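Chemist:
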Ligand SMILES: Nc1ncnc2c1ncn2[C@@H]1O[C@H](COP(=O)(O)OP(=O)(O)O)[C@@H](O)[C@H]1O
Ligand SMILES: [Mg+2]
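Chains as they are written, first to last, in my numbering: chain A, 525 to 786; chain B, 91 to 401.
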């Protein structure tokens, strides 16, 4: 009994240590972690939202700038949640200080949670920053605050988990940019960030529905603007399924020691 | 209490390399034990399995009675590791590295900070606490890894070639530090290429070669074995049983050939005189290779196992 309580306290300390370390890393190298997405997103707002957007006119009854703002926020959350875990975990693997955790009694589930928390923190920090930037260009007042917050948080969890799995399998630095370039970016760009899928021909609309990012972006847009191409329940369901399966897979990999133990 | 008990430990790497061929090893609490062997013998593999960095193929390991298959968390809490390869986060500050490691072991923050100060001071790194690990010399990085391994005050400290590439002065100060924490009760296992180091520090020695433990005894006894030469003598007539010569270990090879163990410092004239007295004449004689001695020479020369001739 007391032994169990001691164990729980030790685990809390270990998790807290890892999360703090991840947070400090994000803030310490803010030039690499926080500034680039802020600059990229400002450019998107200026070019797509302002210059080109004025020609485009309305989308789903909103000004183009207002329409893409939620999508761009989600895009930066996704990229940064993923990118943080990939580079932190792979970096630790590469320099081998991952061994500091592996020799310690902290269970694999906490190593997983700590890294995912790091990704979520970075994703949300960047998301907040991009939201502040968006407010210079347009008006954003969440229609459904609970949906907004829960969707952005859960989406960050999904992509932090995906980033962890990428990092577990990665053997060299190339391997941590392949998935973001060839999978993540296309899925996000085609995930309804810049347009409503109602603009697409029937066939491509149906193809788009196979893209999980579409559901997350639309659910978030629903939270802020109140419009969506898809039913919100589906979005939660899909996010839930992804979280459970990615979590189980990542935990299995960590426990087996894939990529980190001989 | 037994600090470490290894039974039938086997490791086959994915590429088919059999690095450990079923080793048994016991280390009692309070021991200072050397694990000695040439490059590629399997020392790092063994340590990797003890510290959960390498998955074993077969066999069992108990650390202070905690089986690593059933009681891994408790087993891990008893262990501290100073690995062979530098595995520090080079961009992290010295002090933070030690405190963070304490956190992973579940040590409360204030206590981890106290201990970091204590061990960094003892290892002469306290002045460098705010520098990033990258700026440290090789010897300092080793000492930082020792401080890091001690922050949870493990009962068993394992060091994998801690003094490789460290200059002699620092090596000596590391030795006295290790002797001190051993005297304070920490069991220590250390692998090394330096025979001098093992002789100097360790009361117990296990010798491993090509994945097999070939010797596991008190240091003094191993050193004595080392000083024994085995002579193979062909005699001028057949014997029914080995001649009785007090003070010598004698075995029959065949009816006219015997093997005699002789202390190197004793000389062989005396042996010949004793044999003559029993009316035995030596027709020819050769020196039997002493595997242990050969191994030691190779360890000292630091030759990889593969370059040795068959013995
Ligand atoms: N990751 C690995 N994959 C395949 N073989 C390995 C690996 N690590 C070590 N070995 C092999 O296992 C044997 C034992 O190596 P090791 O335990 O490092 O020896 P030591 O530490 O005694 O020098 C060597 O032949 C080595 O080449
Ligand atoms: Mg080695």
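No residue lacks a Cβ here, since even glycine has one placed at the ideal position from N, Cα and C.
Since the structure is predicted, the reported quantities are computational estimates derived from the model, not experimental observations.
Could you give the DSSP three-state label for residue 772 of chain A: helix, strand or coil?
Modeler: Position 248 of the first chain, counted from the start, is the residue given in the question as residue 772 of chain A. If DSSP states are grouped into helix, strand and coil, residue 772 of chain A belongs with the helices.
Chemist: Beta-carbon distances below 6 angstroms to any heavy atom of ligand 1 define the shell here; list its residues in chain order, please.
Modeler: Working through the chain, the matches are A:786, B:103, B:105, B:107, B:109, B:127, B:129, B:130, B:131, B:132, B:133, B:134 and B:135.
Chemist: Residue 151 of chain B and residue 99 of chain B look like a contact to me (Cβ under 8 angstroms); what is the Cβ gap, rounded to whole Å?
Modeler: To locate residue 151 of chain B, count along the second chain from 1; it is residue 61. To locate residue 99 of chain B, count along the second chain from 1; it is residue 9. About 7 angstroms separates the two Cβ atoms, so the contact holds.
Chemist: Can you tell which of A:676, A:616, A:568 and A:734 has its C-alpha closest to the C-alpha of residue 718 of chain A?
Modeler: What you label residue 718 of chain A is simply residue 194 of the first chain in a count that begins at 1. Comparing Cα-Cα distances from residue 718 of chain A to each of A:676, A:616, A:568 and A:734, the minimum goes to A:568.
Chemist: Is residue 152 of chain B near ligand 2, with its Cβ less than 6 angstroms from a heavy atom?
Modeler: For the purposes of this step, residue 152 of chain B is taken as the residue at position 62 of the second chain. No, ligand 2 has no heavy atom inside 6 angstroms of this Cβ.
Chemist: Of the residues B:256, B:282, B:191 and B:273, which one's Cα is nearest the Cα of residue 242 of chain B?
Modeler: For the purposes of this step, residue 242 of chain B is taken as residue 152 along the second chain, with counting starting at 1. It is B:191.
Chemist: Could you say which of A:601, A:774 and A:602 lies nearest to residue 637 of chain A if we only look at CA atoms?
Modeler: One-based indexing of the first chain puts residue 637 of chain A at position 113. Of A:601, A:774 and A:602, the residue nearest in Cα terms is A:774.
Chemist: At a Cβ threshold of 7 angstroms, is residue 646 of chain A touching chain B?
Modeler: Counting from 1 along the first chain, the entry for residue 646 of chain A is found at position 122. Not closer than 7 angstroms to any Cβ of chain B, the Cβ of residue 646 of chain A fails to qualify, so no.
Chemist: Can you check whether the CB of residue 349 of chain B is closer than 7 angstroms to the CB of residue 320 of chain B?
Modeler: Within the second chain, the letter at position 230 stands for residue 320 of chain B. Within the second chain, the letter at position 259 stands for residue 349 of chain B. Their beta carbons are under 7 angstroms apart, which means residue 320 of chain B touches residue 349 of chain B by this criterion.
Chemist: For ligand 2, I want to know if residue 174 of chain B counts as a neighbour, meaning its beta carbon is within less than 6 angstroms of at least one of the ligand's heavy atoms.
Modeler: Position 84 of the second chain holds residue 174 of chain B. For ligand 2, at least one heavy atom lies less than 6 angstroms from the Cβ of residue 174 of chain B.
Chemist: Going along the chain, which residues of the region 184-200 of chain B sit with their C-beta nearer than 9 angstroms to a C-beta in chain A?
Modeler: 186, 187, 189, 190, 191, 192, 193, 194, 195, 196, 197, 198 and 199
Chemist: Mind listing the chain A neighbours of residue 171 of chain B? Cutoff is C-beta to C-beta under 9 angstroms, in chain order.
Modeler: Numbered from its first residue, the second chain carries residue 171 of chain B at position 81. Going along chain A in sequence order, the residues near residue 171 of chain B (Cβ under 9 angstroms) are 623 and 627.
Chemist: Name the residues in the region 125-154 of chain B whose C-beta lies less than 7 angstroms from a C-beta of chain A; which are they?
Modeler: 138, 141, 142, 143, 144 and 145
Chemist: Do you know how far the Cα of residue 747 of chain A is from the Cα of residue 670 of chain A?
Modeler: Taking the first residue of the first chain as 1, we reach residue 670 of chain A at position 146. Taking the first residue of the first chain as 1, we reach residue 747 of chain A at position 223. Residue 670 of chain A and residue 747 of chain A: Cα-Cα distance of roughly 7 angstroms.
Chemist: What span of residues does the alpha helix (DSSP H) with residue 221 of chain B cover, start to end?
Modeler: Translated into the one-based positions of the second chain, residue 221 of chain B becomes position 131. Where residue 221 of chain B is concerned, there is no enclosing alpha helix (DSSP H), because DSSP gives it neither an H nor an E.
Chemist: Out of A:682, A:585 and A:689, which one is the CA nearest neighbour of residue 761 of chain A?
Modeler: Walking along the first chain from the start, residue 761 of chain A turns up at place 237. Residue A:682 is the option with its Cα nearest to residue 761 of chain A.
Chemist: To the nearest angstrom, report how far apart residue 107 of chain B and residue 676 of chain A are at their CA atoms.
Modeler: Here residue 107 of chain B corresponds to residue number 17 of the second chain, with the count starting at 1. Here residue 676 of chain A corresponds to residue number 152 of the first chain, with the count starting at 1. Approximately 48 angstroms between the Cα atoms of the pair.
Chemist: Going along the chain, which residues of its own chain have a beta-carbon closer than 6 angstroms to the beta-carbon of residue 672 of chain A, five neighbours each way excluded?
Modeler: Along the first chain, one-based indexing puts residue 672 of chain A at 148. Taken in chain order, the residues that qualify are 666, 747 and 748.
Chemist: Using a Cβ-Cβ cutoff of less than 8 angstroms, which residues in the same chain neighbour residue 729 of chain A once the five nearest sequence positions on both sides are dropped?
Modeler: Position 205 of the first chain, counted from the start, is the residue given in the question as residue 729 of chain A. Taken in chain order, the residues that qualify are 721 and 722.
Chemist: Thinking C-alpha only, which one of B:123, B:330, B:328 and B:210 is nearest residue 310 of chain B?
Modeler: Locating residue 310 of chain B in the second chain gives position 220, counting from the first residue. The option with the nearest alpha carbon to residue 310 of chain B is B:123.
Chemist: Identify the continuous beta strand (DSSP E) that holds residue 318 of chain B and give its terminal residues.
Modeler: For the purposes of this step, residue 318 of chain B is identified with residue 228 of the second chain, where counting begins at 1. Boundaries of the beta strand (DSSP E) around residue 318 of chain B: 318-325.
Chemist: At 7 angstroms on the CB atoms, spell out the chain A contacts of residue 178 of chain B, in chain order.
Modeler: For the purposes of this step, residue 178 of chain B is taken as residue 88 along the second chain, with counting starting at 1. Correct list: 621.
Chemist: Starting from residue 334 of chain B, trace the beta strand (DSSP E) in both directions and tell me its first and last residue.
Modeler: Sequence index remark: in the second chain, residue 334 of chain B carries index 244 (1-based). Neither: residue 334 of chain B is in no beta strand (DSSP E) and is coded neither H nor E.
Chemist: Looking at C-alpha atoms only, which residue of B:259, B:288 and B:364 is the closest neighbour of residue 49 of chain B?
Modeler: No answer is possible for residue 49 of chain B: it lies beyond the span of chain B, which begins at 91 and ends at 401.
Chemist: Quick check: the Cα distance between residue 612 of chain A and residue 546 of chain A, rounded to an integer number of angstroms?
Modeler: Taking the first residue of the first chain as 1, we reach residue 612 of chain A at position 88. Taking the first residue of the first chain as 1, we reach residue 546 of chain A at position 22. Roughly 8 angstroms between the two C-alpha positions.
Chemist: Per DSSP, what kind of secondary structure is residue 245 of chain B in: helix, strand or coil?
Modeler: For the purposes of this step, residue 245 of chain B is taken as residue 155 along the second chain, with counting starting at 1. In the structure shown, residue 245 of chain B sits in coil (DSSP, three-state: anything other than H, G, I, E or B).
Chemist: Given this structure, state the Cα-to-Cα distance separating residue 756 of chain A from residue 647 of chain A, to the nearest angstrom.
Modeler: If you number the first chain from 1, residue 756 of chain A lands on position 232. If you number the first chain from 1, residue 647 of chain A lands on position 123. If you take the alpha carbons of residue 756 of chain A and residue 647 of chain A, they lie about 22 angstroms apart.
Chemist: Return the chain-ordered ranges of every alpha helix (DSSP H) run that is complete within the region 148-187 of chain B and spans a minimum of 4 residues.
Modeler: For secondary structure counted as the alpha helix (DSSP H) over 4 or more consecutive residues, the region 148-187 of chain B holds these complete runs in sequence order: 162-167.
Chemist: Can you tell me whether residue 374 of chain B is helix, strand or coil according to DSSP?
Modeler: Sequence index remark: in the second chain, residue 374 of chain B carries index 284 (1-based). Looking at residue 374 of chain B - three-state DSSP - the assignment turns out to be strand.
Chemist: By how many angstroms is the C-alpha of residue 353 of chain B removed from the C-alpha of residue 202 of chain B?
Modeler: Here residue 202 of chain B refers to the residue found at position 112 when the second chain is read from its first residue. Here residue 353 of chain B refers to the residue found at position 263 when the second chain is read from its first residue. One C-alpha to the other measures close to 53 angstroms.
Chemist: Identify whether residue 399 of chain B lies in helix, strand or coil by the three-state DSSP scheme.
Modeler: As a first step, residue 399 of chain B is located in the second chain; it is residue number 309 there, counting from the start. A caution first: residue 399 of chain B carries a pLDDT of 38, below 50, which makes its placement in the model too unreliable to give a value.
Chemist: Compute the Euclidean distance between the alpha carbons of residue 703 of chain A and residue 266 of chain B, then round it to the nearest angstrom.
Modeler: Taking the first chain and counting its residues from 1, one reaches residue 703 of chain A at position 179. Taking the second chain and counting its residues from 1, one reaches residue 266 of chain B at position 176. For residue 703 of chain A and residue 266 of chain B, the distance between alpha carbons rounds to 51 angstroms.
Chemist: Quick check: the region 123-143 of chain B against the region 277-284 of chain B, are at least 3 beta-carbon pairs closer than 8 angstroms?
Modeler: Yes: at least three Cβ pairs fall under 8 angstroms.
Chemist: Terminal residues of the continuous beta strand (DSSP E) containing residue 98 of chain B?
Modeler: Within the second chain, the letter at position 8 stands for residue 98 of chain B. First-last of the beta strand (DSSP E) with residue 98 of chain B: 92-102.
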